[in-house]
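S.K.: Residue numbers (this note's numbering): 2 to 522. Take a look at this one; I'll ask things after.
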Amino acid sequence: MIAILYLIFGVLIGLVIGSLIVAVYYNKGLSRQSKALAEEREKLKVDAEQIIAKAELEGENRKKSLLLQTKEEVHLTKNELEKSAREKRIELQRDRNRLNQKEENFDKKTEAFEEKEKKLEEQIKEADRKEIKLSEKESQIVAEMERISGLSVSEAREQVLDEARNEYQHDMAIMLRQMQDKTNEIADREAKEIIVNSIQRYASDYVSETTVSVVDLPNEEMKGRIIGREGRNIRALESLTGVDLIIDDTPEAVIISSFNPIRREIARLALERLVFDGRIHPSRIEDSVEKAKKEIDQSIKEAGDEAVFETGVVGLHPEIIRLLGRMKYRTSYGQNVLKHSIEVCWLTGAMAAELNLDVSLAKRAGLLHDIGKATDFELEGSHVEIGAEIARKYKENPVVINSIESHHGDKESTDLISNLVAAADAISAARPGARRENVETYIKRIEKLEEIANSFPGVEKTYAVQAGREIRVMVKPDEIADDDMILRAHEISKQIESELTYPGMIKVQMIRESRVTDYAK
């Protein structure tokens, strides 16, 4: 045990001695490395100083070179600027010389002009003096003529004009009558030919409808079933369709009333289906109304497509075609509006062909002239305003828009096709009852016609006949001569045109009666 302890102690002493030896050698190595680093540092310092000195030398040389180059460039630029300045001075001197020459010439011309102006002023003064003398002489001559004739200048002028007017009034009346007769004859003949040829190419039956529809019932008991318990069935049908159902003493019939033709047609189809089925209650009514709406929508689409196909008008917006189909259920003064529009389309196209105009554009304008009537019972405004707005919305041709706006005279027509549309519209609506007016408007128009004619001097009495399409004017024979009647009738016609709005034409017929009375005794 003791031996082991001695052994361990010896080992520890050996380790300590070894560590001391290693530390001594390590310190010697570090010392040698420090010396080497110091020498290397000194060497690098010397090299750095040499590099810095070399760089400073090169920088100095570069600086001198740049200074020399800059001086050369400054010298060259200075020479160029001096040369340019010399050229500019020479050019300015030339301009100054030219300007001086022009100033001298202008001064000479100014002096010459002033001399001419002085001469002209003298001539004007001389002319004024002569004019004063002439005026004095003219006044003396006029005064002498007035003294001799006993008339003033104004009286003499009026007398001469009256004599000329009386002398040529008869000739003027004859010429006016000849021109009117010839013009009316030519225009009447050509218009009749165009209208007759156009009408011969097209003919159509009218579909007459009213604001009410009648649904036939199989028996009187069906009325009670339509009304339902406490009126629930009839209320449901009226609320779903927006119409009024009139159940009165009319035997086996129910009347559907509404100003909206489409709603009225939906109600008619739904009610007929309910009557045929026999099962009438609110849920069944709702189903029938929905089916009727789908049928009407399909019918509208088919009617629009059929109208477009029939007339050959292509390129219409689908919404416009749908609006055309809606006009199938719209009537105006007893005419079906879709049939009327198709007829106007054909007539306008036929007249356009006679006049060598654009037939396709004319037919398009004729077909769409009443497009506003498809929605005028739903929107505010006249069918003309609504139709023009629809045409603008779907970017129709300006001629079509003007035809819509002017076919009732609301605006002035800007194209010949617009006039043809208005003429075709009047032709299509010319059947009896198509353009009737109420009694109050009719009476006011008749009274205004007679009032206008009676306002002219020499008119004794005026009678409006043929529903206001003709007025017969009785004149006083002692105040209006035969030659004056043509001019007076023309004046009355012009005043009627300016003050009244009326369809067609109004014939002004003047009557002058000479009576001779004698007595046999």
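Every residue gets a Cβ at the ideal spot worked out from N, C-alpha and C, and that includes glycine. Keep in mind that this is a model prediction, so the values were computed, not measured.
1) Is DSSP giving Thr78 helix, strand or coil here?
2) Report buried or exposed for Gln336, applying the criterion of at least 16 other Cβ atoms within 10 angstroms of its Cβ.
3) With distances taken between CB atoms, is the gap from Met511 to Ala482 smaller than 9 angstroms?
4) To the nearest angstrom, how far is it from the Cα of Lys131 to the Cα of Ala144?
5) Is the beta carbon of Ser214 less than 9 angstroms from the beta carbon of Arg269?
6) Taking the straight line between their C-alpha atoms, what separation do you get for Gln141 and Leu488?
7) Look at Ile322 and Lys294 and say whether their C-beta atoms are less than 9 angstroms apart.
8) In the DSSP output, what is Leu246 paired with across the bridge?
9) Measuring CA to CA, which of Arg233, Ile263, Ser240, Leu218 is closest to Asp249?
10) Given that a residue counts as buried once 16 or more other Cβ atoms are within 10 Å of its Cβ, and exposed if not, what is Ile91?
11) Roughly how many angstroms lie between the CA atoms of Asp484 and Glu514, to the nearest whole one?
12) Using DSSP's beta-bridge definition, name the partner residues of Thr463.
13) Pick out whichever of Lys364, Glu88, Leu356 has its Cα sitting closest to the Cα of Gly350.
14) Give me whichever residues DSSP pairs with Asn337 in a beta bridge.
15) Excluding sequence positions up to five away, which residues of its chain have a Cβ less than 8 angstroms from the Cβ of Val385?
16) Mapping the DSSP letters down to three states, classify Asp189 as helix, strand or coil.
17) Opposite Arg446 in the DSSP bridges: which residues?
18) Per DSSP, what kind of secondary structure is Val216 in: helix, strand or coil?
19) On the DSSP bridge list, what partners appear for Arg226?
20) Please return the same chain residues whose Cβ sits closer than 8 angstroms to the Cβ of Glu461, not counting the five positions on each side in sequence.
21) Which value, in whole angstroms, describes the spacing of the CA atoms of Leu380 and Asp182?
22) DSSP three-state call for Val315: helix, strand or coil?
23) Straight-line CA distance for Ala49 to Asn62?
24) Taking C-alpha atoms, which residue in Thr415, Leu238, Val244 lies nearest to Val276?
25) Name the one or two DSSP bridge partners that Arg513 has.
26) What is the DSSP secondary structure of Lys508, counted as helix, strand or coil?
27) How is the alpha helix (DSSP H) around Ile497 delimited, first residue to last?
28) Nearest by alpha-carbon distance to Pro252: which of Asp245, Gly225, Pro262 is it?
29) Helix, strand or coil for Ser419? Go by DSSP, reduced to three states.
M.R.: Looking at the coordinates:
1) For the purposes of this step, residue 78 is taken as the residue at position 77 of the sequence shown. Note: Thr78 maps to helix in three-state DSSP.
2) By one-based count along the sequence shown, residue 336 stands at place 335. Buried, by the Cβ-count rule.
3) What you label residue 511 is simply residue 510 of the sequence shown in a count that begins at 1. What you label residue 482 is simply residue 481 of the sequence shown in a count that begins at 1. Against a cut-off of 9 angstroms, the Cβ pair of Ala482 and Met511 comes out as no contact.
4) Here residue 131 refers to the residue found at position 130 when the sequence shown is read from its first residue. Here residue 144 refers to the residue found at position 143 when the sequence shown is read from its first residue. Each residue's Cα considered, the two are about 20 angstroms apart.
5) Residue numbering aside, residue 214 sits at position 213 when the sequence shown is read from its first letter. Residue numbering aside, residue 269 sits at position 268 when the sequence shown is read from its first letter. Yes, these two residues count as a Cβ contact at 9 angstroms.
6) Looking up residue 141 in the sequence shown gives position 140. Looking up residue 488 in the sequence shown gives position 487. Their Cα atoms are separated by approximately 42 angstroms.
7) The count along the sequence shown starts at 1 and reaches residue 322 at position 321. The count along the sequence shown starts at 1 and reaches residue 294 at position 293. Cβ distance not < 9 angstroms, so Ile322 and Lys294 don't count as in contact.
8) Looking up residue 246 in the sequence shown gives position 245. DSSP, once it has assigned bridges, lists Ile257 as partnering Leu246.
9) Position 248 of the sequence shown, counted from the first residue, corresponds to residue 249. Checking every option, the nearest Cα to that of Asp249 belongs to Leu218.
10) For the purposes of this step, residue 91 is identified with residue 90 of the sequence shown, where counting begins at 1. So Ile91 counts as exposed.
11) What you label residue 484 is simply residue 483 of the sequence shown in a count that begins at 1. What you label residue 514 is simply residue 513 of the sequence shown in a count that begins at 1. Computed Cα separation, rounded: 14 angstroms.
12) Start at 1 with the first residue of the sequence shown, and residue 463 comes out as number 462. Val474, per the DSSP bridge assignment.
13) The sequence position of residue 350 within the sequence shown is 349, counting from 1. Selected option, being the one with the closest Cα: Lys364.
14) Position 336 of the sequence shown, counted from the start, is the residue given in the question as residue 337. Paired residues: Thr332.
15) Numbered from 1 along the sequence shown, position 384 holds the residue referred to as residue 385. Here the set comprises Gly373, Ile405, Glu406, His408, His409, Asp411.
16) One-based indexing of the sequence shown puts residue 189 at position 188. Asp189 sits in a helix when the DSSP states are folded into three classes.
17) Counting from 1 along the sequence shown, the entry for residue 446 is found at position 445. In the DSSP output, where bridge partners are listed per residue, Arg446 has none listed.
18) The residue given as residue 216 occupies position 215 in the sequence shown. In the structure shown, Val216 sits in a strand (DSSP, three-state: E or B).
19) Taking the sequence shown and counting its residues from 1, the one referred to as residue 226 is at position 225. Partner(s): none; Arg226 has no beta bridge.
20) Start at 1 with the first residue of the sequence shown, and residue 461 comes out as number 460. Once the five neighbours on either side are set aside, the close Cβ partners of Glu461 are Met475, Val476, Lys477.
21) As a first step, residue 380 is located in the sequence shown; it is residue number 379 there, counting from the start. As a first step, residue 182 is located in the sequence shown; it is residue number 181 there, counting from the start. Rounded to the nearest angstrom, the two C-alpha atoms are 48 angstroms apart.
22) Position 314 of the sequence shown, counting from 1, holds the residue named residue 315. The answer is coil: DSSP assigns Val315 none of H, G, I, E or B.
23) The residue labelled residue 49 in the question sits at position 48 within the sequence shown. The residue labelled residue 62 in the question sits at position 61 within the sequence shown. C-alpha separation (whole angstroms): 20 angstroms.
24) For the purposes of this step, residue 276 is taken as residue 275 along the sequence shown, with counting starting at 1. The shortest C-alpha separation from Val276 is found at Leu238.
25) Within the sequence shown, numbered from 1, the residue matching residue 513 stands at position 512. Arg513 is bridged to Val476.
26) Within the sequence shown, residue 508 is the residue found at index 507, counting from 1. DSSP places Lys508 within a strand segment (E or B) once states are collapsed to three.
27) Within the sequence shown, residue 497 is the residue found at index 496, counting from 1. It spans 483-500 - the alpha helix (DSSP H) in which Ile497 sits, taken as one unbroken run.
28) By one-based count along the sequence shown, residue 252 stands at place 251. Nearest option by C-alpha distance: Gly225.
29) The residue labelled residue 419 in the question sits at position 418 within the sequence shown. Ser419: helix per DSSP, three-state reduction.
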